[in-house]
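Numbering-wise (my numbering), the sequence shown opens with residue 1119 and increments by one. For reference, the structure discussed in these notes is given below.
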Amino acid sequence: MNEARNTKHDLRPPNRIPRMPAPRPRDDEKQFDAALRPTKFTEFVGQKQVVDNLKIFLKAARDRGEPVDHVLLSGQPGLGKTTLAALVAHEMGAPLVTTAGPALERAGDLAGLLTRLDPGSILFVDEIHRLPAVVEEYLYSAMEDRFINIVLDSGPHARTMKLDVPPFTLVGATTREGLLSDPFRARFGVLLRLEPYPDGDLVAILERSAGLLAIALDPAGAGCIARRSQGTPRLANRYLRRVRDFAQVEGSGAVTAKVAEAALERLGIDSLGLVPVQRQILEVLSKHGGGPLGLKTIGAYAGEEEITLEEVYEPFLIRLGFLKRTPRGRVATEEAFRHLGIAKREQNLF
1119 MNEARNTKHD
1129 LRPPNRIPRM
1139 PAPRPRDDEK
1149 QFDAALRPTK
1159 FTEFVGQKQV
1169 VDNLKIFLKA
1179 ARDRGEPVDH
1189 VLLSGQPGLG
1199 KTTLAALVAH
1209 EMGAPLVTTA
1219 GPALERAGDL
1229 AGLLTRLDPG
1239 SILFVDEIHR
1249 LPAVVEEYLY
1259 SAMEDRFINI
1269 VLDSGPHART
1279 MKLDVPPFTL
1289 VGATTREGLL
1299 SDPFRARFGV
1309 LLRLEPYPDG
1319 DLVAILERSA
1329 GLLAIALDPA
1339 GAGCIARRSQ
1349 GTPRLANRYL
1359 RRVRDFAQVE
1369 GSGAVTAKVA
1379 EAALERLGID
1389 SLGLVPVQRQ
1399 ILEVLSKHGG
1409 GPLGLKTIGA
1419 YAGEEEITLE
1429 EVYEPFLIRL
1439 GFLKRTPRGR
1449 VATEEAFRHL
1459 GIAKREQNLF
């Protein structure tokens, strides 16, 4: 598979745009994640409706001998959006080029990427909601009409250059679909939303991963990890690897329920799957009568950026019914106080 080659470059005709450097080496965590990713749909667990519909769209496009419509995948981090993009490329027999919204800062970045695509390529843009507005607008004509107009120079010497774009499929992944403009969203022919996984699906994913990593995992141990993984395969696989370390060093090597529970507790992951930052969010709210409290204040207490709190840590708290977003700020619920074992203080919610 091809990988994205991202860098800043000037606006020049295609034959003068400098070659982009090779991608940076991935760290161990990403290599592990890549090794555990399914390589075909038969290995993909969960998201049945999404997968079934996607397979139909891909088969129809193959039968017609044309690229599949542009695809927008939305959902929380770690649910398999990147994996599905790779499976789309595999099923279509097409090269996969990957990049991310923040990497495409200028129109020239986009031009260099699009003009180097092979016909039929799958262009995967992660965090597509973070594309600058000017780059997003250039994508409109590329997605619909297969060309982009680049403005060279400025002032009285300004001129427009039309660059043809080969047929391609844009697969966008986003955790915040609402941040995409309506005209941009309307250009995706296939919109699919991924939901958190039930424990049964996570157990199946863990058993597959344990087989690939040669980990002795019993059903009770898999269930313990699944229940604390917040419905997210990425977390489940990460916890499996860390629990394996505890089992290897302090146990017999087998991941049992007892070993998994003790290891996850030592990692700060409680019985519901809350991690320390999520408990800190609730704790700071409890110190202020349950809220409302602004995201900036919570971020200062937890030592996390606001966007990370909003996209990574808050969704699970909201799903549990522990947190509410109000016009005046975040509010902790009665359920949150009970889970923390904290007596509810007098609150001024609204």
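Glycine included, every Cβ here is placed at the ideal spot set by N, Cα and C.
How should residue i be labelled, buried or exposed, when 16 other C-beta atoms within 10 angstroms of its C-beta is the threshold for buried?
i       : result
Asn1355 : buried
Ser1327 : buried
Pro1220 : exposed
Phe1162 : buried
Pro1301 : exposed
Thr1217 : buried
Pro1443 : Just to set this straight, residue 1443 is Arg in the shown sequence, not Pro. Counting Cβ neighbours within 10 Å, Arg1443 comes out exposed, since fewer than 16 surround it.
Gly1296 : exposed
Phe1470 : This structure does not reach residue 1470, given that the chain is present from 1119 up to 1468, and the question cannot be answered.
Arg1448 : buried
Gly1230 : buried
Ile1436 : exposed
Assuming residue i contacts residue j under a Cβ cut-off of 8 Å, what Cβ separation, rounded to an integer in Å, is found between them?
i       : j       : result
Gly1238 : Met1210 : 7 Å
Leu1312 : Gly1391 : Actually they are not in contact, since the Cβ atoms of Leu1312 and Gly1391 sit about 18 Å apart, beyond 8 Å.
Glu1453 : Leu1438 : 7 Å
Asp1236 : Pro1250 : Incorrect: roughly 26 Å between the Cβ atoms, too far for contact.
Enumerate in chain order the residues of its own chain whose CB-to-CB distance from residue i is below 6 Å, with the five nearest sequence positions on each side excluded.
i       : result
Val1308 : Phe1175, Asp1187 and Val1189
Leu1403 : Gly1409, Leu1411 and Ala1450
Asn1267 : Thr1278 and Lys1280
Ala1322 : Val1163
Thr1350 : Gly1196
Leu1467 : Residue placement at Leu1467 is poorly supported in this model, since its pLDDT is 40, which falls under 50; the coordinates still yield a value, given next. So the list reads Val1449, once near-sequence residues are dropped.
Taking the Cβ atom as the reference point for each residue, do residue i and residue j lie within a distance shorter than 8 Å?
i       : j       : result
Gln1348 : Phe1440 : no
Val1373 : Ala1334 : yes
Glu1379 : Cys1342 : yes
Leu1413 : Glu1429 : no
Thr1200 : Ala1260 : no
Ala1381 : Arg1397 : no
Phe1286 : Pro1185 : yes
Val1283 : Leu1191 : no
Lys1158 : His1208 : yes
Asn1171 : Leu1310 : yes
His1247 : Arg1294 : yes
Pro1314 : Gln1165 : no
Glu1401 : Leu1458 : yes
Ile1399 : Leu1353 : no
Tell me which same chain residues have a C-beta within less than 8 Å of the C-beta of residue i, skipping the five on either side of it?
i       : result
Leu1358 : Leu1324, Ser1327, Ala1328, Leu1331, Ile1333, Leu1335, Ile1343 and Val1373
Arg1155 : Thr1200, Thr1201 and Ala1204
Ala1375 : Asp1336, Ala1338, Gly1339, Gly1341 and Cys1342
Ile1387 : Arg1346, Tyr1357 and Val1393
Taking 7 Å as the limit between beta carbons, can you name the residues of its chain near residue i, skipping five residues before and five after?
i       : result
Val1395 : Ala1420, Glu1422 and Tyr1431
Ala1225 : Leu1129, Val1252, Val1253, Tyr1256 and Ile1268
Val1169 : Phe1159 and Phe1162
- Between the region 1204-1218 and the region 1232-1247, do three or more beta carbon pairs fall short of 8 Å? yes
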